[in-house]
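Peer 1: Just passing along the structure, written as structure tokens.
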Amino acid sequence: MPPREVPPRRIGVLGGTFDPVHIGHLRSALEVAELMELDELRLMPSARPPHRDTPQVSALDRLAMVDCAVAGIAPLVVDDRELQRDKPSYTIDTLELMRAELAAEDQVFLLLGWDAFCGLPNWHRWEELLLHCHILVLQRPDADSEPPDALRNLLAARSVSDPRALPGPGGHITFVWQTPLAVSATQIRQLLASGKSVRFLVPDAVLAYIDAHGLYRASN
41 MPPREVPPRR IGVLGGTFDP VHIGHLRSAL EVAELMELDE LRLMPSARPP
91 HRDTPQVSAL DRLAMVDCAV AGIAPLVVDD RELQRDKPSY TIDTLELMRA
141 ELAAEDQVFL LLGWDAFCGL PNWHRWEELL LHCHILVLQR PDADSEPPDA
191 LRNLLAARSV SDPRALPGPG GHITFVWQTP LAVSATQIRQ LLASGKSVRF
241 LVPDAVLAYI DAHGLYRASN
């Protein structure tokens, strides 16, 4: 019998500072993984994000918290490659490295929040992103701002209405509606700095790590 063809893998990528990782990140990731029937959804902590403030705690602590958060929750996994680079975390570099490890037919889905998507024209080599992946824009009902002019032509040319009908390994943009969870890492850091509880805003394992290491407290 001829060898059975292996179907293309479906890999999601959710980057961020995860300072700290919280239920908003994780719920978004899980909803997308189930909707898109992903083989893996990689949470990818960034070391030195070019468009964000410097994270408040170390890369090792942020990585450890994401490890705690996704332990045993398939298909969520942690990818620490951006922490291995001693330079700003450019998404295009990460996607190029990932593509070199995958089969040509494998699909890669880059997850971006609406604000991050609208900021794409400020990203390094942003026009090349779709050469390596599809972009899934995580759209919440309260995200009613308009995209910048630089993205409107791209959306007109590359949008696909059904996220589950994205053809090929990359090249298209689609929107995925998300459960609105009004949780932010900034809010969590402020609560911790003021000595208040963040229980149920982060997984219990992440809260235990924060407490054990005294992270985000006012003394820090």
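Mind the numbering: the sequence shown is residues 41 to 260 in this note's numbering, read in order.
Ideal placement from N, C-alpha and C gives every residue a C-beta, glycine not left out.
Being a predicted model, the structure only gives us computed values, none of them experimental.
#1: Could I get the ranges of all uninterrupted beta strand (DSSP E) runs contained in the region 140-192, with 3 residues as the minimum, in chain order?
#2: Which value, in whole angstroms, describes the spacing of the CA atoms of E16 and E141?
#3: Run the CB neighbour count on P264, radius 10 Å, all protein chains shown included, and call it buried at 16 or more, exposed below.
#4: Looking at the structure shown, is V117 part of a helix, part of a strand, or coil, going by DSSP?
#5: Starting from L27, follow the alpha helix (DSSP H) in both directions and report where the run begins and ends.
#6: Quick check on the burial criterion: 16 or more other C-beta atoms within 10 angstroms. Buried or exposed for F58?
#7: Just to confirm before moving on: does the CB-CB distance between V106 and P85 stay below 9 Å?
#8: Measuring straight from C-alpha to C-alpha, what distance separates V53 and F149?
#9: Is the region 109-117 in contact with the region 203-222, if contact means three or more CB pairs nearer than 8 Å?
#10: Quick one: any contact between the region 161-176 and the region 131-145, if contact means 3 or more CB pairs under 8 Å?
#11: Name the DSSP bridge partner or partners of G112?
#12: So what does DSSP say about S237, is it helix, strand or coil?
#13: Exposed or buried, S98, counting other C-beta atoms within 10 Å across all chains shown (16 or more means buried)?
#14: Can you find the residues in the same chain that come closer than 7 Å, C-beta to C-beta, to A109, ignoring five residues on each side of it along the sequence?
#15: Please report the straight-line C-alpha distance between V238 and L103, rounded to a whole angstrom.
#16: Which stretch, first to last residue, makes up the alpha helix (DSSP H) that contains V72?
#17: Classify P95: buried if its beta carbon has 16 or more other beta carbons within 10 angstroms, exposed otherwise.
#18: Taking the straight line between their C-alpha atoms, what separation do you get for S68 and L191?
#19: In three-state terms, what does DSSP make of L255?
#20: Is any heavy atom of the ligand SAM found at a distance shorter than 8 Å from the C-beta of E145?
Peer 2: A quick look at the data gives this:
#1: 147-153, 174-179
#2: Missing from the structure shown is residue 16; the chain here goes from 41 to 260 and no further.
#3: Outside the displayed span of the chain (41 to 260) sits residue 264, for which this structure offers no information.
#4: Here residue 117 refers to the residue found at position 77 when the sequence shown is read from its first residue. V117: strand per DSSP, three-state reduction.
#5: The structure shown does not extend to residue 27, since the chain is modelled only from 41 to 260, so the question has no answer here.
#6: In the sequence shown, residue 58 corresponds to position 18, counting from 1. F58 comes out buried.
#7: Within the sequence shown, numbered from 1, the residue matching residue 106 stands at position 66. Within the sequence shown, numbered from 1, the residue matching residue 85 stands at position 45. Closer than 9 Å, so yes.
#8: For the purposes of this step, residue 53 is identified with residue 13 of the sequence shown, where counting begins at 1. For the purposes of this step, residue 149 is identified with residue 109 of the sequence shown, where counting begins at 1. Roughly 6 Å separates the two Cα atoms.
#9: no
#10: A contact exists between the region 161-176 and the region 131-145.
#11: Locating residue 112 in the sequence shown gives position 72, where the first residue counts as 1. G112 pairs with nothing; no bridge assigned.
#12: In the sequence shown, residue 237 corresponds to position 197, counting from 1. S237 falls in the coil class under three-state DSSP.
#13: Taking the first residue of the sequence shown as 1, we reach residue 98 at position 58. Classification of S98: exposed, given that the 10 Å Cβ count is below 16.
#14: Counted from its first residue, the sequence shown places residue 109 at position 69. So the list reads V61, L66, P243, A245, V246, once near-sequence residues are dropped.
#15: Position 198 of the sequence shown, counted from the start, is the residue given in the question as residue 238. Position 63 of the sequence shown, counted from the start, is the residue given in the question as residue 103. Those two C-alpha atoms are separated by around 19 Å.
#16: Position 32 of the sequence shown, counted from the first residue, corresponds to residue 72. Segment 63-76, the alpha helix (DSSP H) holding V72.
#17: Here residue 95 is taken as the residue at index 55 of the sequence shown, counted from 1. Buried.
#18: Position 28 of the sequence shown holds residue 68. Position 151 of the sequence shown holds residue 191. Rounded to the nearest angstrom, the two C-alpha atoms are 23 Å apart.
#19: Taking the first residue of the sequence shown as 1, we reach residue 255 at position 215. Looking at L255 - three-state DSSP - the assignment turns out to be coil, as it is neither helix nor strand.
#20: The ligand SAM is not part of this structure, which contains no ligands at all.
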